[in-house]
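*Asks:*
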Amino acid sequence: MSMDYSKINVSILGSTGSVGEQAVCVCEELGVKIDILAAGRNAALLAKQAKRLNPRVLSVADSDTAAELQRLTDGKFDIIYGADALEKAIISLKNKSGQNTVVHSIAGLDGTRYALAAADAGVRLAMANKEAIIAAGDMIRERLERSGGMLIPVDSEHSAIFQCMRAGGVSAASDSVRRILLTASGGPFYGMTFDEMKDMPPSRTLSHPTWKMGVKITVDSATLMNKGFEVMEAVRLFCVAPDKIEVLVHRQSIIHSMVEYIDNTVLAQLASPDMRSCIRYALSYPERAECSYGSLDFTSLSSLTFGKPDFEAFPLLGAAYDAIKEGGTTPAALISADEAAVAAYLSGKISFGEISYVVSTALDRIQSRNSDSIEQIYEAVREAGEKAETIIGEITGWRRN
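Written out as structure tokens, the structure is:
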């Protein structure tokens, strides 16, 4: 018997972003009910989405955007604004009957508070925000266990691992899992040395060979920082040691990740590089929703190739392994320093090669602490961001002199 998707209530956080727009398309195709559409300041696109999906609540960043949205929608929707209001709206989902799912695609560490709110509400959390999992994954998991909610990853690689583990009869780390093989496209500069890419302009960096993503994540893909984030995310999600996670460069992006078991069996998840399939699976799990597009034509695949990443050319991948091994607040600090460094690169303050210098130097200048509370995490984020800005200032000062 096929699932009645009209009984699923979905909220999309970050609906006007790259993943959010794809979530909107999937929700429209499945015919689910929409509780909350949350965006930042893109009132025009949010208004169009609202007219398509008829949500119960629209959420935006501030009162000016709320006023613009009110005008664009002719006052037909309940509109809220501000982080506190969105957090309360997410927590209120706890009182709604039926399957309540939150698709969390608000990027960056700012999305942590909404992930915690969704965990407290006991919803199905379809998670596309890797930063929150890295910084506060243990807290999110503990709250989901208390509330009766569940987390299903939406990142293509972690969705693949999730599916391969369930196909192997396990849900997280177990004695039967030998290693996780995390695939990477390699980004636009695969095969280059550090010196060959160190002065690459943003116009080249933002030309990803496979995926269409936001600006920040595209830069992180070019430095392999994003793959480092995914290593740390896999540690949090699947309770595995970092040494059990191996990154493989797979340029075709057809195999999204693999799990190897102790009997030498390797289970892989293959699909066209399309985030909609991951979103669809997170909404329909444990069933699978029929899809009319994206079917693989194996006869058109000339080859599937694999290679090892170059840790010297892409030092931030190694920095991620080091950070998750150190634990505590270091992973959150790494994210914060990278956010500052990428912003400085995009604004022309530092070069591509200096991104890794800013991040690693910032981490060298701070001390890791326990991450027992969200306050400790936010303090580490603040300190790392400030250290990174100081280092960026030092670089620009050297250039002037």
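Under numbering that gives the first Met the number 0, the letters of the sequence shown match residues 0 to 400, in that order.
All residues carry an ideal CB built from backbone N, CA and C; glycine is no exception.
#1: Does the structure place the region 367-374 close enough to the region 262-270 that three or more beta carbon pairs sit under 8 angstroms?
#2: Just to confirm my understanding: we take Gln268, look at its own chain, exclude 5 residues before and 5 after, and list those with CB closer than 6 angstroms. What are they?
#3: What residues in its chain sit with their C-beta under 6 angstroms from that of Lys6, if we drop five residues either side in the sequence?
#4: Mind listing, in chain order, the continuous alpha helix (DSSP H) runs of no fewer than 4 residues lying wholly within the region 82-147?
#5: State the start and end residues of the unbroken beta strand (DSSP E) segment that holds Lys324.
#6: Would you mind giving the Cβ-Cβ distance between Lys129 and Glu20, rounded to the nearest angstrom? I have them listed as a contact below 8 angstroms.
#7: I'd like the list of long-range same chain contacts for Asn99, defined as Cβ closer than 6 angstroms, with 5 residues on each side in sequence excluded.
#8: Given a threshold of 16 other Cβ atoms within 10 Å of its Cβ, counted over all protein chains shown, does Ser10 qualify as buried or as exposed?
#9: Give me the Cα-Cα distance between Pro201 and Ser146, rounded to the nearest whole angstrom.
#10: Who are the near neighbours of Thr328 in its chain, counting only those whose CB is closer than 7 angstroms to its CB and skipping five residues on each side?
#11: So, Leu303 versus Ile253, is the Cβ gap smaller than 8 angstroms?
#12: Pick from Leu247, Gln69, Gly213 and Met212: whose alpha carbon is nearest that of Gly227?
#13: Since Gln361 is in the alpha helix (DSSP H), which residue starts that stretch and which ends it?
#14: In whole angstroms, give me the CA-to-CA distance for Lys47 and Gly110.
#15: For Asp242, which of helix, strand or coil comes out of DSSP?
#16: From the DSSP output, read off the bridge partner residues of Leu295.
#17: Please classify Glu393 as buried or exposed, where buried requires at least 16 other C-beta atoms within 10 Å of its C-beta.
#18: Are the region 282-297 and the region 19-39 touching by the rule of at least three beta carbon pairs closer than 8 angstroms?
#19: For a quick check, are the C-beta atoms of Leu108 and Ser335 less than 8 angstroms apart?
#20: For Met191 versus Val153, is the C-beta distance shorter than 8 angstroms?
#21: Looking at C-alpha atoms only, which residue of Thr72, Arg178 and Ser58 is the closest neighbour of Lys50?
#22: Going by DSSP, what residue range makes up the alpha helix (DSSP H) through Tyr189?
#23: Three-state secondary structure (DSSP) at Gln375?
#24: Excluding five sequence neighbours on each side, which residues of the same chain lie with their C-beta closer than 7 angstroms to the C-beta of Arg203?
#25: In angstroms with no decimal places, state the Cα-to-Cα distance between Asp83 and Tyr320.
#26: Where does the unbroken alpha helix (DSSP H) through Tyr280 begin, and where does it stop?
#27: If you reduce the DSSP assignment to three classes, tell me which class Ser202 lands in.
#28: Using a Cβ-Cβ cutoff of less than 7 angstroms, which residues in the same chain neighbour Ser291 once the five nearest sequence positions on both sides are dropped?
#29: Residue range of the beta strand (DSSP E) that Glu470 falls in?
#30: Taking the alpha carbon of Asp337 as the reference point, which residue from Ser355, Ser346, Ser350 and Glu325 has its own alpha carbon closest?
#31: Can you give me the Cβ contacts of Ile139 inside the same chain, cut-off strictly under 8 angstroms, excluding the 5 residues immediately before and after it?
#32: Suppose the cutoff is 8 angstroms on Cβ atoms and the five residues either side in sequence are ignored; what does the same chain contact list for Val25 look like?
#33: Residues in its own chain within less than 6 angstroms of Ala339 by CB, not counting five upstream and five downstream?
#34: By the DSSP assignment, the alpha helix (DSSP H) with Asn225 in it spans what residues?
#35: Please state the DSSP three-state secondary structure of Gly168.
#36: Please determine, among Gly74, Leu36 and Phe351, the residue with the shortest C-alpha to C-alpha distance to Ala60.
*Replies:* The structure says:
#1: no
#2: Ala159, Gln162, Cys163 and His255
#3: Gly97
#4: 82-90, 111-120 and 129-146
#5: Segment Pro314 to Glu325 is the alpha helix (DSSP H) holding Lys324; no beta strand (DSSP E) there.
#6: That belief does not hold up - the Cβ atoms of Lys129 and Glu20 are roughly 18 angstroms apart, past 8 angstroms.
#7: Asn8, Leu92 and Val122
#8: buried
#9: 44 angstroms
#10: Ser367, Arg368, Ser370, Gln375, Ile376 and Ala379
#11: yes
#12: Leu247
#13: The sequence given here has Ala at residue 361, not Gln. It spans Glu353 to Asp363 - the alpha helix (DSSP H) in which Ala361 sits, taken as one unbroken run.
#14: 24 angstroms
#15: helix
#16: Beta-bridge pairing links Leu295 to no other residue.
#17: exposed
#18: yes
#19: yes
#20: no
#21: Thr72
#22: Element bounds for Tyr189: n/a, residue is neither H nor E.
#23: helix
#24: Pro187
#25: 34 angstroms
#26: Met274 to Ser283
#27: helix
#28: none
#29: Outside the shown range of the chain (0 to 400) lies residue 470, about which nothing can therefore be said.
#30: Ser355
#31: Ala114, Leu115, Ala118, Leu124, Ala131, Ile132 and Leu150
#32: Arg275, Ile278, Arg279 and Leu282
#33: Gly384, Ala387 and Glu388
#34: Met224 to Phe237
#35: coil
#36: Leu36
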